[in-house]
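A.B. asks:
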Amino acid sequence: MEEAILASNHPKLAPPATLTDPAEGMMDLTTRINQIAANDRQANSYEIRNAIVLAENKQRVRYQNGVTELPISAQQLLAHARRTDYNHRRRLASNLVTQSGSPRPAQACAHHIVALRDEQAEPSRKKLFDWFIAINDADNGVFLPRRAGQSLAGHPAAPQHGPIHTALYHASVYARLRLVPKTEAQTGRSRLRGIKADLLAGVFPW
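Numbers given in this note's numbering equal positions in the sequence shown, counted from 1, plus 16.
(1) Would you grab the beta carbon distance between HIS186 and ALA131 for me? Rounded to a whole angstrom, and I think it's under 8 Å.
(2) Taking GLY170 as part of the alpha helix (DSSP H), name the residues at either end of that continuous run.
(3) PRO175 to THR114, Cα distance in whole Å?
(4) Can you have a look at ASP101 and say buried or exposed, based on whether 16 or more other CB atoms are within 10 angstroms of its CB?
(5) Once you ignore the five residues that flank GLN136 on each side, which residues in its own chain have a CB closer than 7 Å to its CB?
(6) Enumerated in chain order, which unbroken segments of the beta strand (DSSP E) with a length of 3 residues or greater are wholly contained in the region 113–159?
(7) If we ignore side chains and look at the alpha-carbon of each, how far apart do GLN80 and ILE151 end up?
(8) Under the assumption that VAL219 contacts ARG207 (Cβ atoms under 8 Å), give the Cβ distance between them as a whole number of angstroms.
(9) What residues in its chain sit with their C-beta under 8 Å from that of GLU200, if we drop five residues either side in the sequence?
(10) Distance, Cα to Cα, VAL189 vs ARG133?
(11) Using the Cβ count rule (16 or more neighbours within 10 Å means buried), how would you classify ALA169?
(12) Determine the contact status of ARG65 and THR46, defining contact as a CB-CB distance below 7 Å.
(13) Starting from the Cα of GLN202, find the closest Cα among GLN91, SER61, PHE145 and ARG120 and give me that residue.
(14) When burial is assigned at 16 or more other CB atoms within 10 Å of the CB, is ASN103 buried or exposed?
(15) Determine the DSSP secondary structure at TYR102, reduced to helix, strand or coil.
(16) Can you find the residues in the same chain that come closer than 6 Å, C-beta to C-beta, to ILE180, ignoring five residues on each side of it along the sequence?
Given below as structure tokens:
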């Protein structure tokens, strides 16, 4: 009986919607916090919402001309890379186009040089974040052919994107990055650009 009374005192929450528009997302967040805090006299729904938005903004990664904006921490970059509600490949593609000033090649896929989620790439991701380079930074990306039999204009030897995520590939990436100190981000970027050039030339091990 007590459980029934408690249930009746709380507004029924609708199933969560799939939202892509930021304004709709904010409206949905505000509505749900109002519902959640409705029967708590000590709760201020606007303060709760603002605290949540502030926390999310602190985890947000921004780019200028495709390059990670500073200041930012390695912990923020790690948290951002772990987000599953974010289209990392689309952001990487956008940053590559912004940095190069050239349109996205036809039939191409944006490839993370230091992989986004592969467990074998964890040591390389640590190096990347220690240099304050985000996972979707343009220097950590390259366009590769999407499917077998396709090629990039000017780069006929570039490998297809899918099959290259091998143990040899991840080990070779780490081997290039491992000796660069965390204080030498520009050297780290130079190593990433070297890997990109070798991938496009079809000579990077995988």
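Cβ coordinates follow ideal geometry from the N, Cα and C atoms, glycine included.
Predicted model, so just to flag it, every value in this text is computed and none were measured.
C.D. replies: On the basis of the data shown:
(1) Your numbering for residue 186 matches position 170 in the sequence shown. Your numbering for residue 131 matches position 115 in the sequence shown. Between ALA131 and HIS186 the Cβ distance is about 7 Å, and since that is below 8 Å, they are a contact.
(2) Locating residue 170 in the sequence shown gives position 154, counting from the first residue. Looking at the DSSP string, GLY170 is not in any alpha helix (DSSP H), and its letter there is neither H nor E.
(3) For this step, residue 175 is matched to residue 159 along the sequence shown. For this step, residue 114 is matched to residue 98 along the sequence shown. Going from the Cα of PRO175 to the Cα of THR114 covers about 23 Å.
(4) In the sequence shown, counting from the first residue as 1, residue 101 sits at position 85. By the neighbour-count rule (16 or more Cβ atoms within 10 Å), ASP101 is not buried but exposed.
(5) For the purposes of this step, residue 136 is identified with residue 120 of the sequence shown, where counting begins at 1. Contacts found: ALA183 and HIS186.
(6) 124–128
(7) Translated into the one-based positions of the sequence shown, residue 80 becomes position 64. Translated into the one-based positions of the sequence shown, residue 151 becomes position 135. Near 14 Å, if we compare the C-alpha coordinates of ILE151 and GLN80.
(8) Taking the sequence shown and counting its residues from 1, the one referred to as residue 219 is at position 203. Taking the sequence shown and counting its residues from 1, the one referred to as residue 207 is at position 191. 15 Å between Cβ atoms; not a contact.
(9) Taking the sequence shown and counting its residues from 1, one reaches residue 200 at position 184. Cβ within range, chain order: TRP147.
(10) Within the sequence shown, numbered from 1, the residue matching residue 189 stands at position 173. Within the sequence shown, numbered from 1, the residue matching residue 133 stands at position 117. The straight-line gap from Cα to Cα measures roughly 14 Å.
(11) If you number the sequence shown from 1, residue 169 lands on position 153. Exposed, by the Cβ-count rule.
(12) Locating residue 65 in the sequence shown gives position 49, counting from the first residue. Locating residue 46 in the sequence shown gives position 30, counting from the first residue. Yes.
(13) The sequence position of residue 202 within the sequence shown is 186, counting from 1. Considering only alpha carbons, the answer is PHE145.
(14) Within the sequence shown, residue 103 is the residue found at index 87, counting from 1. Burial call: exposed.
(15) Residue numbering aside, residue 102 sits at position 86 when the sequence shown is read from its first letter. TYR102 falls in the coil class under three-state DSSP.
(16) Position 164 of the sequence shown, counting from 1, holds the residue named residue 180. Only TRP222 meet the Cβ criterion.
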